[in-house]
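In my numbering, the protein residues as written are 2 to 378.
Structure record follows, encoded as structure tokens.
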């Protein structure tokens, strides 16, 4: 193998695929990145056997001699990221499985492992579904943060994805909060298709979707319990989670006694200030909602937090309030998480009282809803 690539493109490609590398690989080759030079491009691939995920990235290259080798992923990435921004020449010495690297005044030899020892990597087989890249990225960002991060209930570490008719629905919940996001599709699905995709894999999918990815192709599971996402230059394949996702949508309230509309950015900043003092009290933040005291006057939302050792904080915001007054406590970090992914100017907060869940959604949109369980004080 002999190939020439730009340092910038090689560094960027390695930064993408190396996110699949395990901290403690069970086999030495799983800590390596597979390099395959063919047809005027260099293909980089990594595999995470524990998560059942692999990432492949293509970069333009001048291929003098086709070939393949695996190199220590982190060593190779660290070296490339510190090279001068020039052409990088890679030459494989097959008998010793060593790659000679040349870039400007730098010379290095990197010992690798034969490519035949690398596990099979899922290849691009087209796609069963095409989605707007911007929409898919927003759907993932508005749901995946609500998935569980511990393995007490493994199924909750994933995002349930359901295709029914011309609607795709993503649902995530860790038992304390729930995020549901829907979008329209150009295709129809009958019968419905349902799967639970690991949250870790979806985080990487959202990360690699760039402005140039106007369309993302999705290969749905067939004989293998695996889903694959294809962007312009990157593929991510992931095993699906096994098990039945609970019907968490049953907790979404159908009615409310208090509805509040407040500026999203103002409420986010108030919550961020409250978090500073809430750290000593299990991140408890208190929300007080007061209806207007006179006709034509604004209502109020106050976000408060208290620390026995460091002090307290209150932030008062003008709001449009309908219904009863409200005194409710939430994990302030959960509020911050959802407000960060709502891009509408105003947000709606609805509740049926201090012991009932709070519902948060962007004003004027019905494609996203977030439910947070209250905290007892």
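Just so you know, even glycine gets a beta-carbon here, dropped at the ideal spot from N, CA and C.
| Query | Result |
| --- | --- |
| Beta-ladder partner(s) of residue 371, from DSSP | 180 and 361 |
| Helix, strand or coil at residue 3 according to DSSP, with G and I counted as helix | strand |
| Residues bridged to residue 321 (per DSSP) | 262 |
| One or two residues paired with residue 330 in a DSSP bridge | 287 |
| DSSP state of residue 14 mapped onto helix, strand, coil | helix |
| Residue 134: first and last residue of the uninterrupted alpha helix (DSSP H) it sits in | 134 to 142 |
| Residue environment, residue 371, which counts as buried when at least 16 other CB atoms sit within 10 Å | buried |
| Contact belief for residue 159 with residue 148 at Cβ below 8 Å, rounded distance in angstroms | 6 Å |
| Reduced DSSP category for residue 187 - H, G, I as helix; E, B as strand; rest coil | strand |
| Neighbourhood of residue 171 by C-beta distance below 6 Å, restricted to the same chain and skipping five residues each side | 140, 144, 160, 162 and 182 |
| Boundaries (first-last residue) of the beta strand (DSSP E) holding residue 159 | 159 to 174 |
| Proximal residues to residue 324 (C-beta, below 8 Å), its chain only, five neighbours per side dropped | 257, 258, 259, 260 and 292 |
| 4 or more residues per run - each alpha helix (DSSP H) lying fully within the segment 3 to 83 | 8 to 18 and 74 to 82 |
| Contact check, residue 58 vs residue 72, beta carbons under 8 Å | no |
| Where the beta strand (DSSP E) through residue 93 begins and ends | 88 to 94 |
| Under the three-state DSSP convention, the category residue 350 falls into | strand |
| Span of the alpha helix (DSSP H), counted from its first residue to its last, around residue 310 | Here residue 310 belongs to no alpha helix (DSSP H), and DSSP marks it neither H nor E. |
| Cβ pair count under 8 Å reaching 3, the segment 321 to 340 against the segment 266 to 285 | yes |
| Sequence-distant residues of its chain with Cβ nearer than 8 Å to residue 99 (five each side left out) | 93, 110, 111, 112 and 113 |
| Proximity to residue 210 [Cα-Cα], best of 105, 237 and 188 | 237 |
| Same chain, Cβ closer than 8 Å to residue 8, five either side skipped, listed in chain order | 81, 84, 85, 86, 87, 88, 89 and 104 |
| Which listed residue (37, 13 and 202) has its alpha carbon closest to that of residue 117 | 37 |
| Sequence-distant residues of its chain with Cβ nearer than 6 Å to residue 56 (five each side left out) | 18, 21, 47 and 237 |
| Nearest candidate by alpha-carbon position, reference residue 1, set 43, 354, 312 and 227 | The requested residue 1 is not part of the displayed model; the chain covers only 2 to 378. |
| Opening and closing residue of the alpha helix (DSSP H) in which residue 207 lies | 200 to 209 |
| Rounded distance between the beta-carbons of residue 43 and residue 62, thought under 8 Å | 4 Å |
| In DSSP terms, what residue 303 is bridged to | 289 and 317 |
| C-alpha gap between residue 4 and residue 168, whole angstroms | 45 Å |
| Beta carbon proximity, residue 33 to chain D, threshold 8 Å | Looking at the structure shown, chain D is missing, and only one protein chain is on hand. |
| Where residue 296 falls: helix, strand or coil (DSSP) | coil |
| Alpha-carbon to alpha-carbon, residue 294 and residue 269 | 25 Å |
| Residue burial classification, residue 352 (beta-carbon count within 10 angstroms, cutoff 16) | buried |
| Whether residue 188 touches residue 53 by CB criterion (8 Å) | no |
| Of the listed residues 39, 107 and 119, nearest to residue 31 (C-alpha basis) | 119 |
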